[in-house]
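In our numbering, the protein residues as written are 605 to 914.
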Amino acid sequence: MGFACSMEGLSTKTISNIGGLHQMLGLQEYGFAAVPRDSIVCLPEHESSNKMGASFETPSGRRLIKPVEYMEMISSMKPNLYATLADEVPAWVSEKRNKASVDRTVRWLDDCLKLSTTGGAVFGSIVGGSSVEERERCAQEVARRNVSGYWIGGFGLGESMDKRSAILNAVMDNLPEEKPRQICGLGLPEEVLQGIAAGIDLFDSTYIYHLTLGGFALTFPLDRIQSSSDSQLSDKGSDNTKINLKATVYSRSQSNLDLEDSDQVIGVIETMSSVFFLYIFLNSFNAKFLVLSTGASDAKFLVLSIGAPV
């Protein structure tokens with residue numbers, strides 16, 4: 605299950621007075637991970653970001669979030685871990701803009717560390733767009749800070765899969781191996797495998813949520829893999845990926861449930877099924893994922909997206 609926490613919902617003071625999200629939601633046995641970006645409804649808007657804060661495009665409009673405001677939300681929600689504010693940029697921006705994004709993200713990291721009062725684990729954000737040099741510089745700067753892990757942003761924003769490996773390696777080669785690495789923006793099965801090969805430990809489940817919205821459920825028939833020829837979803841419901849991994853999807857019309865009366869129920873069932881198969885898939889590689897989609901699962905970490913309206 606997942607949450608999108610916003611500046612338009614309950615005030616930070618109200619959440620803080622309740623005792624944070626663990627108390628407010630009655631989920632004391634779960635851990636909460638807070639990240640600034642929601643790949644579903646809260647995308648980074650690089651053209652409006654500036655030295656004061658990061659901008660996000662949300663269903664209720666564009667919002668600029670400053671480090672102080674961000675840390676006020678973090679302090680009120682009391683997550684177990686959180687990623688620092690980042691200036692994410694797409695693959696096509698100029699080298700000058702890439703450099704600015706790294707400078708801002710590192711400066712905001714220092715601001716977040718100074719303002720932190722939650723006691724939760726801090727994941728330092730790493731950006732740099734499609735520039736290998738800026739990715740290396742950002743990773744080196746963040747690695748010098750006292751953080752518990754790393755949140756790698758700026759992916760899923762226009763970079764090609766062929767060039768992604770070099771960008772990932774530029775980051776991973778400059779990070780200590782003993783600290784966890786979380787990434788945002790890689791969701792397709794072949795993208796997840798690419799991340800695992802590079803050394804990523806934590807993934808989000810945006811792909812699952814997109815499937816659920818489209819009325820699909822995900823399975824990985826690993827015991828009967830066939831040769832692949834098409835990397836796109838077909839009308840017949842099969843996804844022949846570039847790595848010979850079959851991800852079969854089933855449409856709602858193939859379900860025995862009455863969709864007019866059970867649309868919400870089947871959405872939860874589809875999500876739970878997809879979460880289960882993705883869990884098995886990632887567990888076979890000793891990787892984990894953080895659940896962003898709506899529904900229930902056995903996952904013990906919930907991801908919060910800061911900046912998007914509920």
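For every residue, glycine included, the Cβ atom is placed at its ideal position computed from N, Cα and C. This structure is a prediction, so every number in the text was calculated from the model and none was measured.
- By the 10 Å Cβ neighbour count, where 16 or more other Cβ atoms means buried, how is Thr709 classified, buried or exposed? buried
- Presumed contact (8 Å Cβ cut-off) between Val693 and Gly758, rounded CB distance: 6 Å
- Item | Selected residue, minimal CA-CA separation from Ser752, among Glu738, Leu685, Val796, Glu699 | Leu685
- Message: Quick check on Ala658: does DSSP put it in helix, strand or coil?
- Response: strand
- Query: Nearest to Phe820 by CA position, among Thr875, Asn773, Leu790, is which residue?
  - Reply: Thr875
- Message: Going by DSSP in three states, Ser729 sits in which element: helix, strand or coil?
- Response: strand
- For Leu792, the residue or residues it bridges with in DSSP: DSSP lists no partner for Leu792.
- Item | DSSP-derived helix/strand/coil call for Pro663 | coil
- Message: Please give me, in chain order, every unbroken run of the beta strand (DSSP E) with length at least 3 that falls completely inside the region 681-722.
- Response: 685-687
- Message: Can you tell me whether Tyr674 is helix, strand or coil according to DSSP?
- Response: helix
- Item | Outcome for Ala687 when other beta-carbon atoms lying within 10 angstroms are tallied against a minimum of 16 | buried
- Query: With which residues is Pro648 paired in a DSSP beta bridge?
  - Reply: Phe660
- Item | Close Cβ partners of Lys840 (< 6 Å) along its chain, the five nearest in sequence each way excluded | Because Lys840 sits at a pLDDT of 42, beneath the cut-off of 50, its placement in the model cannot be relied upon, and the point is left open.
- Taking only the alpha-carbon atoms, compute the straight-line gap between Ile771 and Glu649 and give it to the nearest angstrom. 21 Å
- Item | Secondary structure of Asp834, DSSP reduced to three states | Unreliable placement is indicated for Asp834, whose pLDDT of 44 sits below 50; no coordinate value is reported for it.
- Task: Count the CB pairs spanning the region 657-669 and the region 632-648 that are closer than 8 Å, and state whether there are at least three.
- Result: yes
- Message: Strictly by DSSP, which residues pair up with Asn786?
- Response: According to the sequence as given, residue 786 is Gln; it is not Asn. Gln786 is bridged to Trp755, Leu806.
- Message: For Ala704 and Ser877, what's the separation of their Cα atoms in angstroms?
- Response: 42 Å
- Message: Give me, in chain order, the residues of the same chain whose beta-carbon lies closer than 7 Å to that of Cys742; leave out the 5 immediate sequence neighbours on both sides.
- Response: Val706, Thr709, Val710, Ile730, Val731, Gly732
- If we call anything under 8 Å between Cβ atoms a contact, is Ile812 one with Ile787? no
- Query: What do you get for Gly630, buried or exposed, if any count of 16 or more other CB atoms within 10 angstroms of its CB means buried?
  - Reply: exposed
- Message: So, does the region 627-641 touch the region 666-682, judging by three or more C-beta pairs under 8 Å?
- Response: yes
- Can you grab the Cα-Cα spacing for the pair Ser735 / Arg701, in whole Å? 10 Å
- Query: Are the Cβ atoms of Ala695 and Gly789 separated by less than 8 Å?
  - Reply: no
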